[in-house]
Structures are given as C-alpha cells and as structure tokens.
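Peer 1: Counting from 3, one number per residue, gives the positions in the sequence shown under our numbering. Ideal Cβ placement from N, Cα and C applies to all residues, glycine included.
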Amino acid sequence: MSSPYDVAVLGAGVAGLTAAYRLRDLDVIVIDADSHVGGRTLSQQFDDGSWANFAAQYVSNDKLKVFELADELDLDLIPSGFHSDSSRVAGNDDLKRALAPWLEKLNDEMARPRPADAAELDGLTVAEWLEGAPDSVHDYFELWCGQLLFASNMETSLHGLMLVWGDQRVTPFTTEQVPRSNRGEVVFKGGTNTFTRALAKASGATIETETLVIAVEESEGLCRVVVEGPSGDRTIEARHVISALPGTVARDVIRHLPPAKVKALSRVRYGCNIATPISVLPEGQTVEPLPLVPSRHSAIYCSNDYVLRTPGDIARDGGCFHAYIHDSHARVVWDDDPASIRSGAWRSFAAAFPELADRVHHIGFKRWRHALPHRHAGRMADEEVLKASCGAIHFCGDYTWTSNMDGAARSGEAAAQRVRDTLSTSGNPT
Ligand SMILES: Cc1cc2nc3c(=O)[nH]c(=O)nc-3n(C[C@H](O)[C@H](O)[C@H](O)COP(=O)(O)OP(=O)(O)OC[C@H]3O[C@@H](n4cnc5c(N)ncnc54)[C@H](O)[C@@H]3O)c2cc1C
Numbered sequence: 003m004s005s006p007y008d009v010a011v012l013g014a015g016v017a018g019l020t021a022a023y024r025l026r027d028l029d030v031i032v033i034d035a036d037s038h039v040g041g042r043t044l045s046q047q048f049d050d051g052s053w054a055n056f057a058a059q060y061v062s063n064d065k066l067k068v069f070e071l072a073d074e075l076d077l078d079l080i081p082s083g084f085h086s087d088s089s090r091v092a093g094n095d096d097l098k099r100a101l102a103p104w105l106e107k108l109n110d111e112m113a114r115p116r117p118a119d120a121a122e123l124d125g126l127t128v129a130e131w132l133e134g135a136p137d138s139v140h141d142y143f144e145l146w147c148g149q150l151l152f153a154s155n156m157e158t159s160l161h162g163l164m165l166v167w168g169d170q171r172v173t174p175f176t177t178e179q180v181p182r183s184n185r186g187e188v189v190f191k192g193g194t195n196t197f198t199r200a201l202a203k204a205s206g207a208t209i210e211t212e213t214l215v216i217a218v219e220e221s222e223g224l225c226r227v228v229v230e231g232p233s234g235d236r237t238i239e240a241r242h243v244i245s246a247l248p249g250t251v252a253r254d255v256i257r258h259l260p261p262a263k264v265k266a267l268s269r270v271r272y273g274c275n276i277a278t279p280i281s282v283l284p285e286g287q288t289v290e291p292l293p294l295v296p297s298r299h300s301a302i303y304c305s306n307d308y309v310l311r312t313p314g315d316i317a318r319d320g321g322c323f324h325a326y327i328h329d330s331h332a333r334v335v336w337d338d339d340p341a342s343i344r345s346g347a348w349r350s351f352a353a354a355f356p357e358l359a360d361r362v363h364h365i366g367f368k369r370w371r372h373a374l375p376h377r378h379a380g381r382m383a384d385e386e387v388l389k390a391s392c393g394a395i396h397f398c399g400d401y402t403w404t405s406n407m408d409g410a411a412r413s414g415e416a417a418a419q420r421v422r423d424t425l426s427t428s429g430n431p432t
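#1: Pick from Ala277, Arg226 and Gly273: whose alpha carbon is nearest that of His258?
#2: Can you tell me whether Thr237 is helix, strand or coil according to DSSP?
#3: Which class does Pro313 belong to by DSSP, given the choice of helix, strand or coil?
#4: Could you tell me whether any non-hydrogen atom of ligand 1 is closer than 8 angstroms to the CB of Asp64?
#5: Hey, would you say the C-beta of Leu374 is under 8 angstroms away from at least one heavy atom of ligand 1?
#6: Which residue or residues does DSSP assign as beta-bridge partners of Cys392?
#7: Start and end of the alpha helix (DSSP H) containing Arg344?
#8: Taking Ile302 as the reference, which of Val11, His328 and Cys322 has the closest Cα?
#9: Would you check if the distance between the CB atom of Lys67 and the CB atom of Ala277 is smaller than 9 angstroms?
#10: Quick one: Cα of Tyr60 to Cα of Arg333, how far?
#11: Do Ala22 and Leu201 come within 9 angstroms of each other at the CB atom, strictly closer than that value?
#12: Could you tell me whether the stretch 363-370 touches the stretch 179-190, using the rule of 3 or more Cβ pairs below 8 angstroms?
#13: Considering Gly286, what are the terminal residues of the beta strand (DSSP E) in which it resides?
#14: In terms of residues, what are the limits of the alpha helix (DSSP H) holding Leu511?
#15: In three-state DSSP terms, what is Leu126?
#16: Taking only beta-carbon atoms, is Asp338 less than 9 angstroms away from chain B?
#17: Taking its Cβ as the centre, do 16 or more other Cβ atoms sit within 10 Å of Leu123, making it buried, or is it exposed?
#18: Are the Cβ atoms of Gly125 and Ala383 separated by less than 9 angstroms?
#19: Exposed or buried, what is Glu220 when buried is set at 16 or more other beta-carbons lying within 10 Å of its beta-carbon?
#20: For ligand 1, any of its heavy atoms closer than 8 angstroms to the Cβ of Val188?
#21: First and last residue of the alpha helix (DSSP H) that includes Glu415?
#22: Taking contact to mean 3 or more Cβ pairs, one atom from each stretch, closer than 8 angstroms, check whether the stretch 108-116 and the stretch 69-85 are in contact.
#23: According to the neighbour-count rule (16 or more other Cβ atoms, all chains shown, within 10 Å of its Cβ), is Lys98 buried or exposed?
#24: Buried or exposed: which applies to Ser52, given that a residue is buried once 16 or more other Cβ atoms fall within 10 Å of its Cβ?
This is the structure:
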C-alpha cells in the first residue's frame, strides 16, 4: 500500500475544495461520489458562451469569503444585473395590510440582539411564531421559506428566518454592522462551477470523482477511508480526514463517533430540489420544440418565478432561466421520469414566456436530494457539536455554518485551520 496522504478530504463541494486549497502545501486527496467537482455549484457551458447553473448562483455583497477566493483565483465576477422580490406582494393590498403587523414584529425581533440559541429564537418554528396570523400571512411565509430555504414554516426556526430575511444574511440582527463588498451582488461569469473547478486546480490535490466513500475509521493515529470507485473497493490511508460530506452521510459512514455528535448529525435535515435550467437562443433563432411527454397537470414545475437569470438582456441575446422546483413541490414529482419533469418545465415556461417558447434549446435536469440544510428549531444549540473535530476527523460543509457558498467556504477554511493546529501541536513537520 502507498504511503498515507497527509489529508483525505471527503466531498468536492465548496467546503471540501476550499479546505484542500488552503492546505495546498500538503499531500491531499479529494474524493467525491459524483462525476463532477463542485457539488452544488454544478453548471453547464454551451458553445455560444452561455451557461446554465443547476444550483448556487448569487453572491450577495456580504459574502466576502467568496469575493476573497474569487480574487485569489483571478476569476471574473460580474454584476448579477437582476434582483427581484418574488414575494407576490406587489399589487396585493389585502396581503400588504395583513402582513404589515407581522413584518413590524419581525423587524423588532431583528433589532434585539440575543444569544443565537435563545429559546425564543432557536427553539421556536416560524409556524409557531406566526400563531394567530391570518392564512394569507402563513401562506406568504410558507412560500418565502420554500423559495429561499427549501423548507416549510414548520421546519424553519425564527432564528433561521431572521438569518436570511432582509439584505443581510450573515447575522440575524440588524443592529450589527455587516462588512460589504462595494462590487454589489455578483455571479461567476461562465457559471458557478468555474469557481470550484478553479479551486480544485489551484489546490494541486489528487482529485477522484465517481468514488463513493462507504466507511471511515480512525485507529492508531491513522484514518482509513474505504471507497467504492470505478476500479472497485479500496482503502485510502491519511493522517487526517476532513469530512465535507452532507451531515447525515457523515453520520452514516464515519465509525465510532461520540453519541453527542451522532445525535447532532442525525438532527441535520435537508430540503430537496429539482433544477431544470432553461436555456434560450438569441433573438431571431429558433429550434424544433422539445418532444413532449405527459406531465402532472396540477404540479408546479417552477417555484422561483423565473427570477434567477443570466445577467443581461436574455430576450435579445439568449441565456438561461435558472429554474428550480423547491422541496414541497419537488417531493410531488420526485420519482417521475426526467422527460416528464422536463416537459412540465417547458409547459410552465411556455405559459410564462410564450414569445420565447420556440427558442428553448436546452432544459437541464438535476435532482438535489441534499439541496439545502434546514435551519430547524434547535439548530443553533447543536452548532458547536456539529463543528467539533473528533480526533483526526474534522467536519465542514454548509450544514455546519450558513447554508450558502460563503458559509461552506468559511467552514472549509476553519477545518483546514484545525488540521494545521493539530500539526503544529504534534510537531509534525509536514
Ligand atoms: C438550487 C440551489 C440554489 C442555490 N443557490 C445559491 C446561491 O445563489 N448562492 C449561494 O451562495 N448558495 C446557493 N445554494 C447553496 C450552495 O450551493 C451550498 O450551500 C454550497 O454549495 C454547499 O457546499 P458544500 O461543500 O457544503 O456541499 P456540496 O456542494 O453538497 O458538497 C458535498 C459533496 O459531497 C459529495 N458526497 C456526498 N456523499 C458522498 C459519499 N458517500 N462519498 C463521496 N462523496 C459524497 C457530493 O457529491 C458533493 O459533491 C444553492 C443550492 C441549491 C441546491
């Protein structure tokens, strides 16, 4: 067997790749089950220079870690060119009136800093907090939590709602000063995957895709990672492991974790999502319509109102509507044939944009089982346990931080630092 790696990083998403990049002076292997690097930053590039994002896209101006990494890697960040409130309030005066006292109450909660794990913030679901509100207000927050958190009111804590509400998404409290980039809200030119591909390359690590981690064990100062890859099962040895896997997968594959860790990882829940990015040709070009098959008549095939788009003038230049179906609707069509889901996506798009229907040249498809970790009640009480290392096994991923690329990158960086701290205290010169 070859000599052990310094670090085996499990999971090649933003978290794992940031960790590998920060440890690029060490001998690192990164292992991922999927066929691409980048996890939930998957994109597809087309010959005409346009691209489709299947998941992460926006980098708001408070996501400074993403800006920092993009600058280090010399990547192009371009203005998102688009920001829309898809809350469906506009023009609905009854809803506006019903919402007003609840928005005031929410603003008041956000103006009163309290410990993140305070029972009235972390222990309370949005559904409980809304008790006594009219149905229209419940429906409004249900849709809002669905679109932004891929979760229901009853799966989201008040703390989780506050963290993402408004224009600051790194703290729930409006009293805190949030440092911001002066470049505004941006996206990665060429698709979000340009970010993770660049991280993978700059890390200099050995990268193995299509390789499933099935067991991890630490004994006698060495970690053994059992994987199933294109050439069968094998064991990879490393002095340290960084798990950048989804929380529940980490619980299932890592052996002999302390009971508190198992409990906290078991409480991590993910909303699911189906991405169907819809790419259209520039003005004046048309294609044969997609061969359609039956889709569910009453299902919702786009839950984000087509607000996520390639920057610029799509009607003129073509580009992509980064459409997705969020958790509660995704569950309805989850097991349907992709051809049916694509057909449903096309029908929904053609109804919203009849003038673009004969320019749709591609509809992507990706099921995300672990789309976004819920900010569930009790999440903040688990925060420290989720982040804590167990021996030479360190944990990162957006479920340990905030549920976005910035949180994932920060968590990967922190895990890399924990490896360094151990190396310096153990006197290991690597
Ligand atoms: C539809 C959608 C839209 C989003 N929009 C945004 C946005 O606009 N802006 C933003 O900042 N964030 C957005 N996010 C969130 C963002 O994508 C994630 O927070 C971030 O990419 C998570 O990175 P990660 O490294 O923690 O996890 P992942 O990227 O999920 O990485 C985990 C990796 O582990 C691998 N893996 C799982 N099991 C195994 C196994 N047994 N063996 C080996 N490998 C395994 C997976 O294949 C995956 O590559 C969005 C997410 C979705 C789904």
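Peer 2: The short version:
#1: Of the residues Ala277, Arg226 and Gly273, the one whose Cα lies closest to the Cα of His258 is Arg226.
#2: DSSP places Thr237 in strand when its eight states are reduced to three.
#3: Collapsing the DSSP output to three states places Pro313 in coil.
#4: Not so, every heavy atom of ligand 1 lies at least 8 angstroms from the Cβ.
#5: For ligand 1, at least one heavy atom lies less than 8 angstroms from the Cβ of Leu374.
#6: Residue pairing for Cys392: DSSP places it in a beta bridge opposite Ile395.
#7: DSSP places Arg344 in the uninterrupted alpha helix (DSSP H) bounded by Pro340 to Ala354.
#8: The shortest C-alpha separation from Ile302 is found at His328.
#9: Remark: C-beta atoms of Lys67 and Ala277 do not approach each other more closely than 9 angstroms.
#10: Straight-line Cα distance between these residues: approximately 25 angstroms.
#11: Taking 9 angstroms as the Cβ cut-off, Leu201 and Ala22 qualify as a contacting pair.
#12: No, the stretch 363-370 is not in contact with the stretch 179-190.
#13: Looking at the DSSP string, Gly286 is not in any beta strand (DSSP E), and its letter there is neither H nor E.
#14: Residue 511 cannot be examined here, being either before or after the span of the chain that is shown, 3 to 432.
#15: Looking at Leu126 - three-state DSSP - the assignment turns out to be coil, as it is neither helix nor strand.
#16: No chain B is present in this structure, which holds just one protein chain.
#17: By the neighbour-count rule (16 or more Cβ atoms within 10 Å), Leu123 is buried.
#18: Judged by their CB atoms, Gly125 and Ala383 are nearer to each other than the 9 angstroms cut-off.
#19: Per the 10 Å Cβ criterion, buried.
#20: For Val188, the distance from the CB to the nearest heavy atom of ligand 1 is not below 8 angstroms.
#21: Segment Met407 to Ser428, the alpha helix (DSSP H) holding Glu415.
#22: No: fewer than three Cβ pairs fall under 8 angstroms.
#23: Per the 10 Å Cβ criterion, exposed.
#24: With 16 or more Cβ atoms within 10 Å of its Cβ, Ser52 is classed as buried.
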